[in-house]
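In terms of our numbering, the sequence shown is numbered consecutively and its last residue is 1138.
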Amino acid sequence: MERCAARRAPEEERRVRANAREYNEKFQYASNCIKTSKYNIVTFLPVNLFEQFQEVANTYFLFLLILQLIPQISSLSWFTTIVPLVLVLTITAVKDATDDYFRHKSDNQVNNRQSQVLIGGVLRQEQWMNVRVGDIIKLENNQFVAADLLLLSSSEPHGLCYIETAELDGETNMKVRQAIPVTAELGDTSQLARFDGEVICEPPNNKLDKFGGTLYWKENKYPLSNQNMLLRGCVLRNTEWCFGLVIFAGPDTKLMQNSGRTKFKRTSIDRLMNTLVLWIFGFLVCMGVILAIGNAIWEHEVGVCFQIYLPWDEGVHSAFFSGFLSFWSYIIILNTVVPISLYVSVEVIRLGHSYFINWDKKMYCAKRRTPAEARTTTLNEELGQVEYIFSDKTGTLTQNIMVFSKCSVNGHSYGDVQDMLGHKAELGERPEPVDFSFNPLADPRFQFWDPSLLEAVKLGDLHVHEFFRLLSLCHTVMSEEKSEGELLYKAQSPDEGALVTAARNFGFVFRSRTPKTITVQELGQAVTYQLLAILDFNNIRKRMSVIVRSPEGKIRLYCKGADTILLERLHPLNQDLTSVTTDHLNEYAGEGLRTLVLAYKDLEESYYKDWSERLHRAGSAPEAREDQLARLYDEVEHDMMLLGATAIEDKLQQGVPETIAILTLANIKIWVLTGDKQETAVNIGYSCKMLTDDMTEVFVVTGHTVLEVREELRKAREKMMDASRSVCNGFSYQEKLSSKLTSVLEAIAGEYALVINGHSLAHALEADMEVEFLETACACKAVICCRVTPLQKAQVVELVKKYKKAVTLAIGDGANDVSMIKTAHIGVGISGQEGIQAVLASDYSFSQFKFLQRLLLVHGRWSYLRMCKFLCYFFYKNFAFTMVHFWFGFFCGFSAQTVYDQYFITLYNIVYTSLPVLAMGVFDQLADYQSFAVTVATSLVIVVSVQIGLDTGFWTAINHFFIWGSLAAYFAILFTMHSDGLFRMFPNQFRFVGNAQNTLAQPTVWLTIALTAVVCIVPVVAFRFLKLDLKPELSDTVRYTQLVRKKQKTQHRCMRHAGRAGSRRSGYAFSHQEGFGELIMSGKNMRLSSLALSSFAPRPSASWIDTLRKKKGCEGSSAGSPGGAADKTLRV
């Protein structure tokens, strides 16, 4: 591989001569070799070590290693420091080497691609890295463009070719490029070998949509524009072959100019760690000073007495110098308080967190087969601290799948379906869609619900015909007909594709185009229009026009664009129609639809001829070419006649309102930055619940001057301050305004929202007003910025970063969101309909906005909490290890002796304590809501089952089956509802996949369940026991009596068995004792029962068993009083 070009002085202009390498080499242009790697075999070790020792911790431990090599101050062997240091450096170096290996591999793959280069009139296979500026190369279909080329000729008529620019701007739609006519005929290699034209053009830059230059050939000059260029990274499509002249190569190409180094994003945890390390190092120095002073005092007061058998080391002549050496010795011994493995451990934990995001099934989109992807490993814990979200609208909050929904033609609105009573029908009440079977070229996927529009087409309404004729002509869509009648449209934007498809279904079918013609099949009849000019769309013009000549020779300009631009360019005769159409536009925008206005203008032949000549001269101008063209475009796009307006629906993505509501509850502020018109953006704001009817007020800033914007912002602040005057505490606004924005406005009562237009935002972002704008915006719950440019999106994000100490996140899906994504602390790309450019520039990517909730509130929160717990424990274990040496110093005469074995010191942080803290940092998590729910539910089922078991008085097999079967059914259903199978079938209903298994697999959960059951059951058991003892019921007494009698019968039965064992003779006379005849005759047995029963109630403090015994004793003592017994018996 040849050496890639080195840096050169900036160019003022570039001169390239075709087929002249010697001439071009004197300018020392860059070769086509690219280099994105950082190291090679020779430079890896020194460069990588230099980079690693820029870390403060690594430099510190290198310093300690040097100290340990000094015998006078080192009481530890050098390997106690060098082993951990080498391990850390090795792990980091391996990681860097692996990353750079893949960069080398990617570079080699690109640089070694083959290309056909015209050398000496013969096409030769050359590697891309050997292509030079001025070479002519041949491309074939589906090949990547090797360098920035000037298109010379192609296999298509008129020098056309088709390209895909996904790697440049993220758009997957095909675009057309065209060679200038003078070179379009050079299709033979012999002709191209003789081509010696010279191009003078702009120097290398990163502007993808602009190119200015001039071709000088055969004493003529020809203007060049971006439409003549094929940029590196594009793919040739639907074109058999083409030839191009290399203008920019390698690092000078626009692709490489735009792939500058991404800004390294550091997290607040990184900054905190660096601060903590510095404070800990200061604490280490303090401990070293204290112990050094102790050593000096001890040597002066005590050590001097032991000089005979404990002499000072050689070179030590005083206690002060001994203390000085002791200071450095203790710096070495206590060095473990500064953790050497901290940074590596943090990177390992972050890597684990990134894999968790990649593996999360709940962030996987089955429809697109797109998982979430953590494209960086350094920002995971920052996700848990986001306070501001900046979101694009189209494709991010909405689906970016455009559907032609409504239209207004000549003052009549189409698209609403009415029921029999003349009321607007709801979606569920709508009849069958319009039948387009009359049109064999109709797109079967297109649906429209208003049959009156099709009736107008069939009845020959001229305005409706002209309306759809404009849609079929005014566009840059490319048509591909795979088979007869099977059309495939490739549009640069979904909006344009939806409009052309609508015209197709209503009978105006765009069939094909050439550089000079457009063929449309109008109601079955093929009509070819001569294409005279295309006045293309850009962000400044916000409109697009074509000038065509009809087969009758009539020249007409067709224009479509934003209402704010087109309505002011209409002829005065359109006032009444403009008023009606404006009402329709407001109605459409209120429904959240994207609107465009359509107009036309007839041109005189003489005027067009003059205007065309001036356009050609402006296109050939060496300077200010864009300004001259813009003036000519503006001139012809005036006094147009209004045709109508279109309304395209871009539906919200699934789960957007719920996600925004939950993020708002988490005190995260969401700002929407969109290029759509104000009405559409506001309606989407209401649809996704950013704006609500319960808000106190929605402020709308639409000023066109600095004074107007300042006044509107001031009024908004005054209204908010008036509503919460009690919070202000009498301070003036100027006293509250500061660089830190500690504003009383942020504590206002009520909810407010701010809507601001792009032209007003341009003034609000000026240096003297940006703080006022930010103060007002930050006091609002929601902010919507409309009609903003990509640069303004980045400026708004930068403004919040500049003044607010808050973490910002930007999320988008298109190339126009890249600057915003790169500017924010965290960038998230949506892999949607607008290509992959936003994804390539992002830190995290997934396919739907709703996944942002889980990314922030689950992964972000867990990562942040894990990292905080990890840092706390990491510093704790190091302090616990180190402070032992500090206290031991007071017992060893401050002699810098070690407590631990040297091998233990070496392996403590590397082996003994590294894995547990890593496991906690990677896997630890708080029990979430659903885990808590599973634990509580399981405890509840178990408790109530045990409770009914206590309440059951007579157990049967049925009781056992019902009670324990219900418990088993609970666990079976629980595991089923949390299973992977149900999640795959019904992801929205059964979202907590695997939660039950994970929760019930933890011993702490079962301990919690057991303790809960005990706490719930023990009070019931204790209450029942005390009640039985202190205040028994009648049934309790009877039951006790039965138990006593049963026990007595058992004892009597045992005694009878014992008596019979000695003799077979009748034992009645010998075993019978004194009977109960006297007791029965006296009636005491009856009195005992009555008294026992009557005595239980009035004596709750004594046991009913004791009461019974006392009663029996009293009755025994009074047995000799028959009269008294008889009286008592009578009373019973």
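Ideal placement from N, C-alpha and C gives every residue a C-beta, glycine not left out.
Which of helix, strand or coil does DSSP assign to residue i?
i, result
"Leu237", "coil"
"Asn226", "strand"
"Cys248", "strand"
"Tyr35", "coil"
"Met550", "strand"
"Trp893", "helix"
"Phe410", "strand"
"Tyr758", "strand"
"Met646", "strand"
"Ser274", "helix"
"Leu1114", "The pLDDT assigned to Leu1114 is 48, lower than 50, so where the model puts this residue is not dependable; a value taken from the coordinates is nonetheless given after this. Helix, per DSSP."
"Cys792", "coil"
"Met696", "coil"
"Ile253", "strand"
"Trp961", "coil"
"Ile810", "Here residue 810 is Lys; the residue named in the question, Ile, does not match the sequence. Three-state result, Lys810: coil."
"Leu2", "Lying outside 7 to 1138, the shown extent of the chain, residue 2 is not represented and no answer is given."
"Ser1095", "Reliability of the predicted coordinates at Ser1095 is poor, the pLDDT of 40 falling under 50, and the value obtained from them is presented with this limitation in mind. Reduced to three states, the DSSP call for Ser1095 is helix."
"Ser121", "strand"
"Gly1083", "With a pLDDT of 44 at Gly1083, under the threshold of 50, the modelled position of this residue cannot be trusted, and the question is left open."
Within a Cβ cutoff of 7 Å, which residues of the same chain sit near residue i, ignoring the five residues on either side of it in sequence?
i, result
"Cys167", "Leu157, Ser160, Arg183, Leu242, Thr245, Cys248"
"Ile654", "Met408, Val409, Phe410, Ser411, Asp501, Ala504, Leu599, Arg600"
"Cys1022", "Val949"
Just mark residue i as buried or exposed, buried being the case when its beta carbon has 16 or more other beta carbons within 10 Å.
i, result
"Leu192", "buried"
"Cys898", "exposed"
"Cys3", "What is shown of the chain runs 7 to 1138, which leaves residue 3 out entirely."
"Thr402", "buried"
"Glu685", "buried"
"Gln1054", "exposed"
"Ile346", "buried"
"Thr1010", "exposed"
"Trp970", "exposed"
"Trp134", "buried"
"Trp365", "exposed"
Closest by CA to residue i, which one among the options?
i, options, result
"Pro377", "Val533, Ser851, Thr273", "Ser851"
"Cys791", "Val688, Asn341, His891", "Val688"
"Ser556", "Ile954, Glu472, Glu724", "Glu472"
"Val308", "Phe900, Pro1009, Thr665, Phe967", "Phe900"
"Tyr4", "Leu956, Phe894, Gly927, Lys683", "There is no way to answer for residue 4, as the model of the chain reaches only from 7 to 1138."
"Ser489", "Asn117, Thr342, Leu447", "Leu447"
"Ile206", "Arg200, Pro187, Lys227", "Lys227"
"Arg575", "Val552, Asp645, Leu477", "Asp645"
"Ala190", "Pro521, Ile690, Glu781", "Pro521"
"Met293", "Val890, Phe217, Gln536, Leu988", "Val890"
"Asp700", "Ala759, Asn673, Gly650", "Ala759"
"Asn54", "Thr98, Ile88, Val92", "Thr98"
"Gln1140", "Gly126, Arg138, Asn280", "No information on residue 1140 is available, as it lies outside the stretch 7 to 1138 that the chain covers here."
"Leu713", "Leu767, Trp677, Ile668", "Leu767"
"Asp449", "Phe396, Val845, Ala509, Thr400", "Ala509"
"Glu225", "Leu214, Glu204, Ser231", "Glu204"
Quick one: what's got a C-beta closer than 6 Å to residue i's C-beta in the same chain, skipping five residues either side?
i, result
"Ser738", "The pLDDT assigned to Ser738 is 42, lower than 50, so where the model puts this residue is not dependable, and the model offers no usable value."
"Tyr394", "Lys675, Val806, Ala812, Thr814"
"Val128", "none"
"Arg440", "It is Val, not Arg, that sits at residue 440 in the sequence shown. Here the set comprises Phe454, Pro457, Leu460."
Please decide whether residue i counts as near chain C, where near means a Cβ-Cβ distance under 8 Å.
i, result
"Thr523", "In the structure shown, chain C does not exist; there is a single protein chain."
For residue i, which residues from the same chain have a beta carbon less than 8 Å from its beta carbon, with the 5 sequence-adjacent residues on both sides left out?
i, result
"Ile916", "Val89, Pro90, Leu93, Ser347"
| Whole runs of the alpha helix (DSSP H) within the region 325 to 395, excluding any shorter than 4 residues | 325 to 339, 348 to 365
| request: May I have a chain-ordered list of the alpha helix (DSSP H) segments no shorter than 4 residues that lie completely inside the region 149 to 203? | output: 172 to 175, 187 to 190, 195 to 199
| message | What ranges does the alpha helix (DSSP H) occupy inside the region 516 to 572, keeping only unbroken runs of at least 4 residues that lie completely in it? | response | 569 to 572
| query | Which parts of the region 437 to 494 are runs of the beta strand (DSSP E), unbroken and 3 residues or longer, counting only runs that do not cross its ends? | reply | 484 to 489
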